[in-house]
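Residue numbers (numbering that gives the first Met the number 0), protein chains in the order written: chain A, 0 to 229; chain B, 0 to 229.
2 protein chains.
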Amino acid sequence: MVTAQPEGREPARKRRAPVTSRGEDKRRRILEVAGELLATRGYAGTSLADIAEAAGTHAGSLYYHFDSREQLAEEVLTSGTRAAMDHTRAAVDALPANASSRRRLETAITAHVAFILERSPAALAGARAVGQLPPPLAEPLHALFREYGDYFAELFEAAAADGAIDPTVDLRAARMLVVGAANWTAEWFRPDGPSSAEDVGQLLCRLIFDGIGTGRRRPAPRPTGAGEHR
Amino acid sequence: MVTAQPEGREPARKRRAPVTSRGEDKRRRILEVAGELLATRGYAGTSLADIAEAAGTHAGSLYYHFDSREQLAEEVLTSGTRAAMDHTRAAVDALPANASSRRRLETAITAHVAFILERSPAALAGARAVGQLPPPLAEPLHALFREYGDYFAELFEAAAADGAIDPTVDLRAARMLVVGAANWTAEWFRPDGPSSAEDVGQLLCRLIFDGIGTGRRRPAPRPTGAGEHR
DNA sequence: GTCTATACTAGGATAGAC
DNA sequence: GTCTATCCTAGTATAGAC
Numbered sequence: 000m001v002t003a004q005p006e007g008r009e010p011a012r013k014r015r016a017p018v019t020s021r022g023e024d025k026r027r028r029i030l031e032v033a034g035e036l037l038a039t040r041g042y043a044g045t046s047l048a049d050i051a052e053a054a055g056t057h058a059g060s061l062y063y064h065f066d067s068r069e070q071l072a073e074e075v076l077t078s079g080t081r082a083a084m085d086h087t088r089a090a091v092d093a094l095p096a097n098a099s100s101r102r103r104l105e106t107a108i109t110a111h112v113a114f115i116l117e118r119s120p121a122a123l124a125g126a127r128a129v130g131q132l133p134p135p136l137a138e139p140l141h142a143l144f145r146e147y148g149d150y151f152a153e154l155f156e157a158a159a160a161d162g163a164i165d166p167t168v169d170l171r172a173a174r175m176l177v178v179g180a181a182n183w184t185a186e187w188f189r190p191d192g193p194s195s196a197e198d199v200g201q202l203l204c205r206l207i208f209d210g211i212g213t214g215r216r217r218p219a220p221r222p223t224g225a226g227e228h229r
Numbered sequence: 000m001v002t003a004q005p006e007g008r009e010p011a012r013k014r015r016a017p018v019t020s021r022g023e024d025k026r027r028r029i030l031e032v033a034g035e036l037l038a039t040r041g042y043a044g045t046s047l048a049d050i051a052e053a054a055g056t057h058a059g060s061l062y063y064h065f066d067s068r069e070q071l072a073e074e075v076l077t078s079g080t081r082a083a084m085d086h087t088r089a090a091v092d093a094l095p096a097n098a099s100s101r102r103r104l105e106t107a108i109t110a111h112v113a114f115i116l117e118r119s120p121a122a123l124a125g126a127r128a129v130g131q132l133p134p135p136l137a138e139p140l141h142a143l144f145r146e147y148g149d150y151f152a153e154l155f156e157a158a159a160a161d162g163a164i165d166p167t168v169d170l171r172a173a174r175m176l177v178v179g180a181a182n183w184t185a186e187w188f189r190p191d192g193p194s195s196a197e198d199v200g201q202l203l204c205r206l207i208f209d210g211i212g213t214g215r216r217r218p219a220p221r222p223t224g225a226g227e228h229r
């Protein structure tokens, strides 16, 4: 009760009432450095002591702001992923109303790539960690990723529907290949390379629509069994 | 025809005296189940107790066969990755000598995808774990991945050199996008889906060379700054 | 709000019986 | 070779001073 815990019990979260702006700042700072550490070292490689040190505090002190390591990680990962999704949606929504389905998909992809590569370590951490997390933590993140995936699915389907991409391909597989390529960029991209994040996004778009081959187009490598899609 | 590692050397590893064929069998069994667990739960999510139980033994007993958890994991991950590389090389080498550079690249990609998806949990585990591992373990695996990456780089460069793919693109970026898409398949591919592993590999090849767009080809989305690459 | 000190646990590793 | 028992460390989490 030193902490002035008004015995009206806290809900699920910790969440401090006071909100001395300094306190909220600290909390944000913790989330920020946690995002960076999670992005570079992964969930398993990041201890509370690591986070605390990077945030200029001590492991025990983190419990004033968060209930547990898992809750902290969940907040970082889901907020990062949500930020990426919001950013991507906003970029698409900013297009003129008559933008083509191709343009919309291209915009979403480049926005996503650019965002995870240069804007949000937390988003990158989410992309890297998904599928590598202990079950209780994995669930909420998976739900979010499914939502994000559904959004991309809409864009792909719209493009297929109005003929911008071949509607006979397995759209889900194509989408997953693209998402995989995008998320994997975190493993190799370096800002000082010959291509910027924007360039990488554009290149990925080119792979989707045109490829980088020079030969005459071969519509479908395998005439049979292409599947219908999702 | 692919892997036939003849147990030759045994340097800094554990002793090797016994070799009751039953003992070697046990060792292999441990490596096998470890591969499966690492592929599904990741390195951090797999304890020695998990591995021991799956192999029908006890945690302490593993130390008869391996020096440490890290060494065990390293052996699983590197041998899986090496097997994938050997398999891919063998598939390419099996092509007629006059096979086109495009055909060679396509063969490598489909072989790699099919191998990690349906042949080797350990290879899949390597692909998923790389970049998410504690430094001492990460190093040897990174070296292997670099070697494998170099092999793909050769195939891409050969294709660019004889005009099968646009030589003005950042080849390294293109290659990494492709590798990323391939390795990420582990996160979403299900054998009972509409596309087989083979289909997914083919689709990825199509993305590289032709794309799945229907419009007239736009050679380079961005006339400037395409970079020359490595 | 943040500190220090400490309890507690999971899991890696070792020893010795068999 | 494998088992059981145990040690030991790292790391999460709690308590209470300030």
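Using N, Cα and C, we set each Cβ at its ideal position, and we do this for glycine too.
Item, Value
"Segment limits, alpha helix (DSSP H) that includes residue 169 of chain B", "From DSSP, residue 169 of chain B is part of no alpha helix (DSSP H); its letter is neither H nor E."
"Three or more C-beta pairs below 8 Å linking the segment 64-80 of chain A and the segment 166-181 of chain A", "no"
"Rounded separation between residue 99 of chain B and residue 199 of chain A - CA only", "27 Å"
"Of the residues B/60, B/63, B/75 and B/58, the one placed nearest residue 41 of chain B, counting alpha carbons only", "B/75"
"Assigned exposure category for residue 182 of chain B - 16 Cβ within 10 Å defines buried", "buried"
"Residues bridged to residue 234 of chain A [DSSP beta-bridge criterion]", "In this structure chain A extends from 0 to 229, so residue 234 of chain A is not present and cannot be described."
"Separation of residue 60 of chain A from residue 177 of chain B, as counted between CA atoms", "44 Å"
"Cβ neighbours of residue 123 of chain A in the same chain (closer than 6 Å, five flanking residues each side left out)", "38, 115 and 185"
"Three-state class that DSSP yields for residue 9 of chain A in the structure shown", "With a pLDDT of only 43 at residue 9 of chain A, under the threshold of 50, the placement of this residue in the model should not be trusted; the figure read from the coordinates follows. The answer is coil: DSSP assigns residue 9 of chain A none of H, G, I, E or B."
"Reduced DSSP secondary structure (H/G/I, E/B, other) of residue 91 of chain B", "helix"
"CB contact flag (residue 152 of chain B, residue 174 of chain B, <8 Å)", "yes"
"Cut-off 7 Å between Cβ atoms - residues of its own chain near residue 0 of chain A, not counting five sequence neighbours on either side", "With a pLDDT of 39 at residue 0 of chain A, under the threshold of 50, the predicted position of this residue should be treated as unreliable, and no value is reported."
"Near-chain B residues of the segment 182-194 of chain A (beta-carbon distance less than 7 Å), N- to C-terminal order", "182, 183, 184, 186, 187, 193 and 194"
"Reduced DSSP category for residue 191 of chain A - H, G, I as helix; E, B as strand; rest coil", "coil"
"Beta-carbon neighbours of residue 149 of chain B, restricted to chain A and to distances below 7 Å", "Correct list: empty, because the minimum Cβ distance to chain A is about 13 Å."
"Contact with chain A by residue 199 of chain B, beta-carbon distance below 8 Å", "yes"
"CB contact check: residue 165 of chain B to chain A, cutoff 8 Å", "yes"
"C-beta atoms of residue 241 of chain A and residue 44 of chain A nearer than 8 Å", "With chain A covering 0 to 229 only, the question about residue 241 of chain A has no answer from this structure."
"Proximity to residue 87 of chain A [Cα-Cα], best of A/77, A/106 and A/204", "A/106"
"Runs of alpha helix (DSSP H) lying entirely within the segment 36-88 of chain A, each at least 4 residues, in chain order", "47-53 and 61-64"
"Positions along the segment 41-72 of chain A whose CB lies within less than 8 Å of some CB in chain B", "41, 42, 43 and 44"
"Proximal residues of chain B, C-beta to C-beta of residue 208 of chain A below 8 Å", "210, 211, 212, 214 and 217"
"Cβ distance (whole Å) where residue 50 of chain A is taken to contact residue 204 of chain A below 8 Å", "Contact flag wrong, Cβ pair sits at about 36 Å."
"Within 8 Å of chain A by C-beta, residues of the segment 167-178 of chain B in sequence order", "168, 169, 171, 172, 173, 175, 176, 177 and 178"
"Through-space distance from residue 29 of chain A to residue 55 of chain A, alpha-carbon basis", "9 Å"
"CB contact check: residue 220 of chain A to chain B, cutoff 8 Å", "Low per-residue confidence applies at residue 220 of chain A: pLDDT is 49, beneath 50, and the placement is therefore not dependable, though the value from the model is reported in the following sentence. Yes - at least one Cβ of chain B is within 8 Å of the one on residue 220 of chain A."
"Of the residues A/138, A/171 and A/135, the one placed nearest residue 148 of chain A, counting alpha carbons only", "A/171"
"Where residue 119 of chain B sits in the DSSP three-state scheme", "coil"
"Spatial distance of residue 210 of chain A from residue 188 of chain A (CA atoms)", "20 Å"
"DSSP-derived helix/strand/coil call for residue 185 of chain A", "helix"
"Collapsed DSSP secondary structure at residue 179 of chain A in the structure displayed", "helix"
"Buried or exposed by the 16-neighbour rule on C-beta atoms within 10 Å, applied to residue 48 of chain A", "exposed"
"7 Å CB neighbourhood of residue 197 of chain B in its chain, flanking five on each side removed", "109 and 113"
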